[in-house]
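Going by the UniProt record's numbering, the sequence shown opens with residue 1, and the numbers climb by one from there.
Heads up, the beta-carbon is just placed ideally off N, CA and C, and yes, glycines get one too.
So the structure is just underneath, and the comments pick up after that.
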Amino acid sequence: MLLLEWSSEYSVGVKKFDDQHKRMFDIINHFYALMTVDREHDKIQNTLQELKDYANYHLADEEKYFEKFNYPKKEEHKKIHDEYRKKINEFIKERDNKDGRLMSFDIIDYLEDWWIGHIMGMDKEYVDFFKDKKID
Ligand SMILES: [Fe+2]
Numbered sequence: 001m002l003l004l005e006w007s008s009e010y011s012v013g014v015k016k017f018d019d020q021h022k023r024m025f026d027i028i029n030h031f032y033a034l035m036t037v038d039r040e041h042d043k044i045q046n047t048l049q050e051l052k053d054y055a056n057y058h059l060a061d062e063e064k065y066f067e068k069f070n071y072p073k074k075e076e077h078k079k080i081h082d083e084y085r086k087k088i089n090e091f092i093k094e095r096d097n098k099d100g101r102l103m104s105f106d107i108i109d110y111l112e113d114w115w116i117g118h119i120m121g122m123d124k125e126y127v128d129f130f131k132d133k134k135i136d
């Protein structure tokens, strides 16, 4: 079962970022499947790491272009990215503290709400700004 399904309504008008969002959805769906089906510790741990690493790569990539083109809302947008990074680190730390015991589903709700809310909110705000910029 898919938690997140990308569709054109989520497009931010930049192919590179749309592709990264799709990949992010794939990883979250995979994570969700692991959480609901086998809950195998090592697999969940690996996917959680992948989820963190890929998001960090994607958020940093967006930020790189905010800087490059001096996007007017770059500071407030980066602040929201920072909150996300912090929250994910907290989830991972919480899991480590539990010494590998099963983690709660809170992270699933958070991921779903955050990515949909962020793409439809803050990311959509840069659509017009990036429309005539070259991003590859
Ligand atoms: Fe963003």
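Is the distance from the Cβ of residue i to the Cβ of residue j below 8 Å?
i, j, result
"Phe91", "Ile107", "yes"
"Ile119", "His21", "yes"
"Gly13", "Lys131", "yes"
"Tyr54", "Ile27", "yes"
"Trp6", "Phe25", "yes"
"Glu112", "Leu4", "yes"
Cβ of residue i within 7 Å of any heavy atom in ligand 1?
i, result
"Asp123", "yes"
"Leu59", "yes"
"Glu62", "yes"
"His21", "no"
"His41", "no"
With 8 Å set as the bound, which would you pick, yes or no: does the beta-carbon of residue i sit closer than that to a beta-carbon of chain C?
i, result
"Glu9", "The displayed structure is made up of one protein chain only, and chain C is not part of it."
Inter-stretch contact at 8 Å, needing at least 3 Cβ pairs: the segment 35 to 48 / the segment 59 to 70
Note that the segment 35 to 48 does not touch the segment 59 to 70; fewer than 3 beta-carbon pairs, one per stretch, sit closer than 8 Å.
Curious, which full-length alpha helix (DSSP H) runs of at least 4 residues does the segment 67 to 111 contain?
74 to 97
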